[in-house]
Amino acid sequence: MERHEIEVFLALAEELHFGQAGRRLGVTTTRVSQVVRVLERRVGVPLFERTSRRVTLTPTGRRLYEDLKPAYDGVVAAMARAVAHGRGLTGTLRVGYVGAAAGQLVMTVAKRFRRGHPDCAVEAREVQSGGAVERLHADQIDVLVGCLPLDRPGLTVGPVLLTEQRMLAVPAGHPFARAAALSVKDLARVRLVTAPCSLSAVAPAGDAPTAETFQEVLTLVGAGQGAFVVGEHVTRFYTRPDVVYVPLRDAPPLCWGPVWPTGRETARVRAFVAAADRCARAAA
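Mind the numbering: the sequence shown is residues 5 to 288 in the working numbering, read in order.
Put into structure tokens, the structure is as follows:
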């Protein structure tokens, strides 16, 4: 049997109506009748009983349907899996994120992504900003959601997914902690902590303390050893009694989005980025 013959037979066996079977397959009623007659001649007995009022399966037709249906469904499913695998929408997508806000965003996008691509798992990994790009190039993660711009050589930057105000983290006892807002010019009046996740364009002083992780940054700030520019999300995720966050009224907003190694944009990455962009637009 040819594939079109199988499809016509199965459609008519399920619809039990020549016109409906034709509409389902996008062919004419005449074409359905022709294919069925060919099959019946090949089998040697009628597969359907036709009257002016209804169509029913004969015992032979019922047996053929019960034998063909599972096999046909298996072939269709196998082809779908092969196509999905060829497009890269199976397996596991490794998504790195920097910080709690990016982590929350990644989990929201991952939920939407899995609804559209149930055969592709999303493995979310928190990474430190200092080594995030290196992990991309080392093929330890496929895509990174972090603070933009990440204008490094060999990276492709995706759409902006969210923006937020910049703030200055200062010790609770610092005079700035009582201000309603600060200016970028005020950064010159404080010692800024040095860290890979720095969001300030102001160069730190030569004696500035150094931190490797964001938690170390906050520990140093809380201990009165410096200040640090952060995004507004820290007020929700990183509240501390020894640190106060003050808005920087004239600083440009922080932008967050996905980046991935240029030349390694797989179908999984494209689908995830598209899902992330849809989530961002829906939330706007």
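The C-beta atom is built at its ideal place from N, Cα and C for all residues, glycine as well. Note that this is a predicted model, so its numbers are computed, not measured.
Item to check | Where the beta strand (DSSP E) through Cys124 begins and ends | outcome: Cys124 to Glu130
Checklist entry - Where does Met83 sit, in a helix, a strand or coil, going by DSSP? => result helix
Checklist entry - What did DSSP end up calling Met111 once you bin it into helix, strand or coil? => result helix
Item to check | Option in Gly107, Leu109 and Phe117 with minimal Cα separation from Leu93 | outcome: Phe117
Next on the checklist: Spatial neighbours of Ala185 within its chain, please: C-beta separation below 8 Å, excluding the five flanking residues on both sides.
Outcome noted: Val250, Pro251, Leu252 and Arg253
Checklist entry - Buried or exposed: where does Met111 fall if 16 or more other Cβ atoms within 10 Å of its Cβ makes it buried? => result exposed
Checklist entry - Are the beta-carbon atoms belonging to Thr60 and Glu70 less than 8 Å from one another? => result no
Next on the checklist: Distance check for Arg85 and Arg67, CA to CA, integer angstroms please.
Outcome noted: 28 Å
Item to check | Every unbroken beta strand (DSSP E) inside the segment 126-184 [3 residues or more] | outcome: 147-152, 159-161, 166-168 and 170-175
Item to check | For Ala231, the residue or residues it bridges with in DSSP | outcome: Leu196
Next on the checklist: Please report the distance separating the alpha-carbon of Asp246 from that of Ala215.
Outcome noted: 17 Å
Checklist entry - What residues in its chain sit with their C-beta under 7 Å from that of Gly76, if we drop five residues either side in the sequence? => result In the sequence under discussion, the amino acid at residue 76 is Tyr, which differs from the Gly named in the question. Excluding residues within five positions, the ones whose Cβ falls inside 7 Å are Ile10 and Leu14.
Next on the checklist: Excluding the 5 residues flanking Thr217 on each side, which residues of the same chain have their C-beta closer than 6 Å to its C-beta?
Outcome noted: Gln132
Next on the checklist: Quick check on the DSSP output: the alpha helix (DSSP H) that includes Glu6 runs from which residue to which?
Outcome noted: Neither: Glu6 is in no alpha helix (DSSP H) and is coded neither H nor E.
Next on the checklist: Using 8 Å as the threshold, is the C-beta distance between Thr266 and Leu159 below it?
Outcome noted: yes
Next on the checklist: If I follow the unbroken alpha helix (DSSP H) through Leu61, where does it start and stop?
Outcome noted: Per DSSP, Leu61 belongs to no alpha helix (DSSP H); it is in the beta strand (DSSP E), Val59 to Leu61.
Item to check | DSSP bridge partner residues for Phe52 (one or two, in chain order) | outcome: Leu61
Next on the checklist: Need the endpoints of the beta strand (DSSP E) that Arg98 sits in, please.
Outcome noted: Gly95 to Tyr101
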